[in-house]
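Chemist: Before I ask anything, let me first share the structure, which is written out below as structure tokens.
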Amino acid sequence: MMPDPVSAILLTPLFAAAILAILPGYRIGAVLNVLACLAALLFALTLLWMRPVTGSYLLVDDLNIVFVLLNCFVGLTTSAFSASYIGHEIHSGRLTRTNIRFYHAMYQVMMFGMNLALLANNIGLMWVAVELATLTTVVMVGLYRTAEALEAAWKYFILGSVGIALALFGTILVYLAARPVVGEGLDAMVWTYLLRSAPQFDPSLLNIAFVFLLLGYGTKVGLAPLHAWLPDAHAEGPTPISAVLSGLLLNVALYALLRFKVLLAANPHAIAPGRLMIALGLLSLIFAAFMLYRRRDIKRLFAYSSIEHMGIIVFAFGMGGPLGNFAGLLQMTMHSLTKSAIFFSVGHVAQVKGTQKIAEMGGLTESHPILGWGLVAGVAAIVGLPPFGVFTSEFLVVSSTFAREPVLALLLVFGLLLAFGALLLRLGSIAFGPVKGPVGRLHASYVPMFAHLSLVLLAGIWLPPPLVAWFQNVAGLLR
Amino acid sequence: MPFISPHGLSFDIAHSLAGLLVLVSFMMLYQVRLLALLHVLALHAFVLALSVAWQAHIQDAPHLYITAAIALLFKALLIPWALRRMVFQMGLHREIETVGGIGLTMLAGIALVALSLEVMLPVTANADPVAREDIALALSVVLIGLLVMVTRRNAISQVVGFMSLENGINLAATGARGMPLVVEISVAFSILIAFIVVGIFLFRIRERFDTVDVAALDQSRGGEA
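Residue numbers (my numbering), protein chains in the order written: chain A, -10 to 468; chain B, 178 to 402.
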């Protein structure tokens, strides 16, 4: 029998987590962490050629391959960054070896949870997996055990749990809507069956279910009125976790939302889910753009930038249509790559300066040229300057919106420009001007950061045609 | 038993048990002592266990008895017991403050029940009557659980609010006939995991703070939201 790539993707992190939990040395643990992520990525790549049959629990289609590949790739680069990051934390005494062992095991459990959520064909299983990934990140956010870290973890835990509870209620309502059509039992939770019979579901039940799902999974996406956990969790946890939170976990929750959006779109009598997503997306974008101006902590700054970008992405998917969905997918991919690259650089900046306060750092391009210019490139990319890929995707979002809803497009551009100004303002004081704070040498790994940035740059200059064709196909699936 | 209109009677009992759960949720709203709140939590989980067991009986779904047993053993006995120990260890068996006053909170609770009935009953008109009433009442329990979490400042009472919220979701899940077992077990286990996580947190918080009052946590941030 052929080895099944899907089970390999899921089992590799589980085995790795078990080994990492008992392995004493932190260096070997870091290496194993990287190797496990590499193995998962290789297995994920085989999905491009080998498509396993869809079962009642697991599913591989064109949509989730994009998410899984992105997930495994950023998981791998973050584990490489984390290896150099934790070396510094051990030497400076902020983390003990036991902490690190726990951290590595949890990292793999989190990868398992996220991949399971992305590959699940069963809406119940997907819910369980999102919950698992959330819990692992909660304990990692609290890793430093400072008062601030514990508060952040507590807030994240409570808000995340309420969100996830509402999502489960929504899931139950979807089951109730499906039961009279699909029949009792397991089948009524299998997404592919649900999609097939969605047109016959009771539309009003589906509507209510979607409201709960939007609020529930939307909390995890970090949409505006429900975002309170996000900045704290990003600021107080270890920086590799900030990178995966922004780069991956938000995407996983978004993916769950997209699956249900497709379900609703398949029912002609249900409300158009796009409107709700557009409203929440715009609100997040503009709110976060204003909040960016008052940030004094560098990790909080980029956390708010993540809220802003998730707003843009949810807005784009809410607009829908082939172009809107295409732009949303591209924006999501570019944001994941760019934001995690920024956090790679911010992590080292915070380590060398010994603080996260923006006021206490300055002149980075002078004191640490590679790190400083890396950060400058990252911020230039995230605010949407050409020739980076975010420019392409934001341009697509704006132009496709202008063609259909000019008023919304104006609001969108307003938010984008606000955020643009805020981030460049802060970047100026961090990267240029007189040198502030310690200027000590740093043993950093720049490979993950520049790998991401060059991919984003490449995407801005030339998108490979097979990728474009793939995204267009997925955009069609999303309706 | 079968000769006295089994459908009518079984519906009535399921309905009363679900209604009882809403009532116990209301009892949570006016508890001013932490220990009393834990007792109500145990009662809440006990009523849930009864309700789930009754659903198992009328749906002829023996696997639901497992869910009922989990509700009884973990949620009605083990967790309240452990939280109670924690309360004594931390010396918290004193009054707990509520925000906004009890009368107002009760009124809000009533409004939430009205809201959930108003929202759920029309849209579930085609569902079978047991599921219909269960879902509407379950939503009330969920919303009142949220209300408990919002009005309490203390970390332990927030956990209690969260658990009552999860109980409401359990009620909805078991009321939905034939809902796959995977989900029920996982719901029960997720509560267990959540509890462990919270337990770890509380002890860690205990190491650093002299109180588990969430208001005190807010101050530690120093205004950098």
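For each residue, glycine too, the CB sits at the ideal point set by N, CA and C.
What residue from A:Trp451, A:Ala242 and A:Ala166 has the CA that sits closest to Leu253 of chain A's CA?
Modeler: Position 264 of the first sequence, counted from the first residue, corresponds to residue 253 of chain A. Closest option to Leu253 of chain A, Cα to Cα, is A:Ala166.
Chemist: Which parts of the segment 72 to 119 of chain A are runs of the alpha helix (DSSP H), unbroken and 4 residues or longer, counting only runs that do not cross its ends?
Modeler: As far as the segment 72 to 119 of chain A is concerned, its whole alpha helix (DSSP H) runs of at least 4 residues are 86 to 108.
Chemist: Can you look up Val336 of chain B in the DSSP assignment and give me helix, strand or coil?
Modeler: Within the second sequence, residue 336 of chain B is the residue found at index 159, counting from 1. Residue state, collapsed to three classes: helix.
Chemist: For Asn347 of chain B, which of helix, strand or coil comes out of DSSP?
Modeler: On the second sequence, residue 347 of chain B is found 170 positions in, with the first residue counted as 1. If DSSP states are grouped into helix, strand and coil, Asn347 of chain B belongs with the helices.
Chemist: Below 8 Å on the Cβ atoms is my contact criterion, and I expect Met323 of chain A with Val445 of chain A to pass it. Report the Cβ-Cβ distance as a whole number of Å.
Modeler: Sequence index remark: in the first sequence, residue 323 of chain A carries index 334 (1-based). Sequence index remark: in the first sequence, residue 445 of chain A carries index 456 (1-based). With 8 Å as the limit, Met323 of chain A and Val445 of chain A qualify as a contact, their Cβ atoms being about 6 Å apart.
Chemist: Less than 8 Å between the C-beta atoms of Pro423 of chain A and Gly351 of chain A, yes or no?
Modeler: By one-based count along the first sequence, residue 423 of chain A stands at place 434. By one-based count along the first sequence, residue 351 of chain A stands at place 362. Their beta carbons are under 8 Å apart, which means Pro423 of chain A touches Gly351 of chain A by this criterion.
Chemist: What first and last residue would you give for the alpha helix (DSSP H) that runs through Ala187 of chain A?
Modeler: Stepping through the first sequence from its first residue, residue 187 of chain A is reached at position 198. Per DSSP, Ala187 of chain A belongs to no alpha helix (DSSP H) and is neither H nor E.
Chemist: Is the Cβ of Thr328 of chain B closer than 8 Å to any Cβ of chain A?
Modeler: Here the question's residue 328 of chain B lines up with position 151 in the second sequence. Taking Cβ atoms only, chain A never reaches closer than 8 Å to Thr328 of chain B, which makes this a no.
Chemist: With a cut-off of 8 Å on the beta carbons, I'd call Gly373 of chain A and Phe409 of chain A a contact; round off their distance for me.
Modeler: Locating residue 373 of chain A in the first sequence gives position 384, counting from the first residue. Locating residue 409 of chain A in the first sequence gives position 420, counting from the first residue. At roughly 7 Å, the Cβ-Cβ gap stays under 8 Å, so Gly373 of chain A and Phe409 of chain A are in contact.
Chemist: When the cut-off is 8 Å and only beta carbons count, does Tyr164 of chain A lie next to chain B?
Modeler: In the first sequence, the residue the question calls residue 164 of chain A occupies position 175. So, interface residue.
Chemist: Can you tell which of A:Ser231, A:Pro192 and A:Leu319 has its C-alpha closest to the C-alpha of Ile381 of chain A?
Modeler: As a first step, residue 381 of chain A is located in the first sequence; it is residue number 392 there, counting from the start. The sequence given here has Thr at residue 381 of chain A, not Ile. Answer by Cα proximity: A:Leu319.
Chemist: Report the option in A:Val128, A:Leu124, A:Thr125 and A:Gly102 whose CA atom is closest to the CA atom of Ala118 of chain A.
Modeler: One-based indexing of the first sequence puts residue 118 of chain A at position 129. Here the closest residue by C-alpha is A:Gly102.
Chemist: Kindly list, in the order they appear in chain A, the residues whose Cβ is closer than 7 Å to that of Ala343 of chain B.
Modeler: Position 166 of the second sequence, counted from the first residue, corresponds to residue 343 of chain B. Correcting the residue identity first, residue 343 of chain B is Glu in this sequence and not Ala. Here the neighbours are Ala154.
Chemist: Relative to the C-alpha of Leu206 of chain B, which residue among B:Thr351, B:Arg354 and B:Leu320 is closest?
Modeler: Position 29 of the second sequence holds residue 206 of chain B. When each option's Cα is compared against that of Leu206 of chain B, the closest is B:Leu320.
Chemist: Nearest-angstrom Cα distance between Ala213 of chain B and Arg329 of chain B?
Modeler: What you label residue 213 of chain B is simply residue 36 of the second sequence in a count that begins at 1. What you label residue 329 of chain B is simply residue 152 of the second sequence in a count that begins at 1. About 14 Å.
Chemist: Could you check the C-alpha separation between Val368 of chain A and Ser418 of chain A for me, to the nearest Å?
Modeler: Counting from 1 along the first sequence, the entry for residue 368 of chain A is found at position 379. Counting from 1 along the first sequence, the entry for residue 418 of chain A is found at position 429. Between Val368 of chain A and Ser418 of chain A, the C-alpha separation is close to 13 Å.
Chemist: Strictly by DSSP, which residues pair up with Leu47 of chain A?
Modeler: Residue numbering aside, residue 47 of chain A sits at position 58 when the first sequence is read from its first letter. According to DSSP, Leu47 of chain A bridges with A:Ala109.
Chemist: Roughly how many angstroms separate the alpha carbons of Pro179 of chain B and Leu186 of chain B, rounded to a whole number?
Modeler: In the second sequence, residue 179 of chain B corresponds to position 2, counting from 1. In the second sequence, residue 186 of chain B corresponds to position 9, counting from 1. Per-residue confidence for Pro179 of chain B stands at a pLDDT of 47, beneath the threshold of 50, marking its modelled position as unreliable; the derived number appears in the next sentence. Whole-angstrom Cα-Cα distance: 10 Å.
Chemist: Starting from Met356 of chain B, find everything on chain A with Cβ-Cβ shorter than 9 Å and list it in chain order.
Modeler: On the second sequence, position 179 is the one that residue 356 of chain B refers to. The contacting residues are Gly113, Ile161, Tyr164, Leu165, Arg168, Glu173, Gly174, Ala177 and Met178.
Chemist: Measuring only the C-alpha atoms, how far is His216 of chain B from Phe339 of chain B?
Modeler: For this step, residue 216 of chain B is matched to residue 39 along the second sequence. For this step, residue 339 of chain B is matched to residue 162 along the second sequence. Spanning the two alpha carbons is a distance of roughly 15 Å.
Chemist: For Ala349 of chain B, would you say it is in contact with chain A, using Cβ-to-Cβ distances shorter than 8 Å as the test?
Modeler: The sequence position of residue 349 of chain B within the second sequence is 172, counting from 1. Yes, because at least one Cβ of chain A sits closer than 8 Å to the Cβ of Ala349 of chain B.
Chemist: Just to confirm my understanding: we take Ala6 of chain A, look at its own chain, exclude 5 residues before and 5 after, and list those with CB closer than 6 Å. What are they?
Modeler: Numbered from its first residue, the first sequence carries residue 6 of chain A at position 17. These residues qualify, in order along the chain: Ala94, Gln97 and Val98.
Chemist: So that I know if they touch, is there some Cβ in chain B lying closer than 8 Å to that of Leu47 of chain A?
Modeler: Taking the first sequence and counting its residues from 1, one reaches residue 47 of chain A at position 58. No - not a single Cβ of chain B is within 8 Å of the one on Leu47 of chain A.
Chemist: Within 8 Å, do at least three Cβ pairs link the segment 144 to 156 of chain A to the segment 340 to 349 of chain B?
Modeler: The segment 340 to 349 of chain B, when compared against the segment 144 to 156 of chain A, does touch it at the 8 Å Cβ threshold.
Chemist: Just to confirm, are Val318 of chain B and Ser334 of chain B a CB contact at a threshold of 8 Å?
Modeler: Position 141 of the second sequence, counted from the start, is the residue given in the question as residue 318 of chain B. Position 157 of the second sequence, counted from the start, is the residue given in the question as residue 334 of chain B. Contact: no.
Chemist: In three-state terms, what does DSSP make of Arg381 of chain B?
Modeler: Start at 1 with the first residue of the second sequence, and residue 381 of chain B comes out as number 204. With a pLDDT of 48 at Arg381 of chain B, under the threshold of 50, the modelled position of this residue cannot be trusted, and the question is left open.
Chemist: DSSP state of Gly351 of chain A, grouped into three classes?
Modeler: As a working note, residue 351 of chain A is residue 362 in the first sequence. DSSP places Gly351 of chain A in strand when its eight states are reduced to three.
Chemist: Does the distance from the CB of Leu239 of chain A to the CB of Met299 of chain A come in under 8 Å?
Modeler: Position 250 of the first sequence, counting from 1, holds the residue named residue 239 of chain A. Position 310 of the first sequence, counting from 1, holds the residue named residue 299 of chain A. Yes, Cβ-Cβ distance for Leu239 of chain A and Met299 of chain A is below 8 Å.
Chemist: List the residues of chain A that Val300 of chain B touches, going by C-beta distances under 8 Å, in chain order.
Modeler: Taking the second sequence and counting its residues from 1, one reaches residue 300 of chain B at position 123. Here the neighbours are Asp191, Ser193, Leu194, Asn196 and Ile197.
Chemist: Could you run through the segment 311 to 323 of chain B and flag, in chain order, every residue whose CB is less than 9 Å away from some CB of chain A?
Modeler: Of all residues in the segment 311 to 323 of chain B, Ile312, Ala315, Leu316, Val319, Gly322 and Leu323 have a Cβ within less than 9 Å of some Cβ in chain A.
Chemist: Would you call the segment 34 to 45 of chain A in contact with the segment 292 to 309 of chain A, where contact means no fewer than 3 C-beta pairs closer than 8 Å?
Modeler: No, the segment 34 to 45 of chain A does not touch the segment 292 to 309 of chain A.
Chemist: Assess, as a yes-or-no matter, whether the segment 8 to 24 of chain A is touched by the segment 67 to 76 of chain A under the definition of 3 or more beta carbon pairs within less than 8 Å.
Modeler: The segment 67 to 76 of chain A, when compared against the segment 8 to 24 of chain A, does touch it at the 8 Å Cβ threshold.
Chemist: Excluding sequence positions up to five away, which residues of its chain have a Cβ less than 6 Å from the Cβ of Asp221 of chain A?
Modeler: Position 232 of the first sequence, counted from the first residue, corresponds to residue 221 of chain A. Answer for Asp221 of chain A: Ala141 and Lys144, listed in chain order.
Chemist: Would you kindly work out how many angstroms separate the C-alpha atoms of Ser193 of chain B and Leu183 of chain A, rounded to a whole number?
Modeler: As a first step, residue 193 of chain B is located in the second sequence; it is residue number 16 there, counting from the start. As a first step, residue 183 of chain A is located in the first sequence; it is residue number 194 there, counting from the start. Computed Cα separation, rounded: 33 Å.
Chemist: Using the Cα positions of Ala29 of chain A and Leu107 of chain A, report the straight-line distance between them to the nearest angstrom.
Modeler: By 1-based counting over the first sequence, the position of residue 29 of chain A is 40. By 1-based counting over the first sequence, the position of residue 107 of chain A is 118. Ala29 of chain A and Leu107 of chain A: Cα-Cα distance of roughly 14 Å.
Chemist: Does Val210 of chain B come out as helix, strand or coil in the three-state DSSP assignment?
Modeler: In the second sequence, counting from the first residue as 1, residue 210 of chain B sits at position 33. Here residue 210 of chain B turns out to be Arg, not Val, going by the sequence shown. Of the three classes helix, strand and coil, the one that applies to Arg210 of chain B here is strand, per DSSP.
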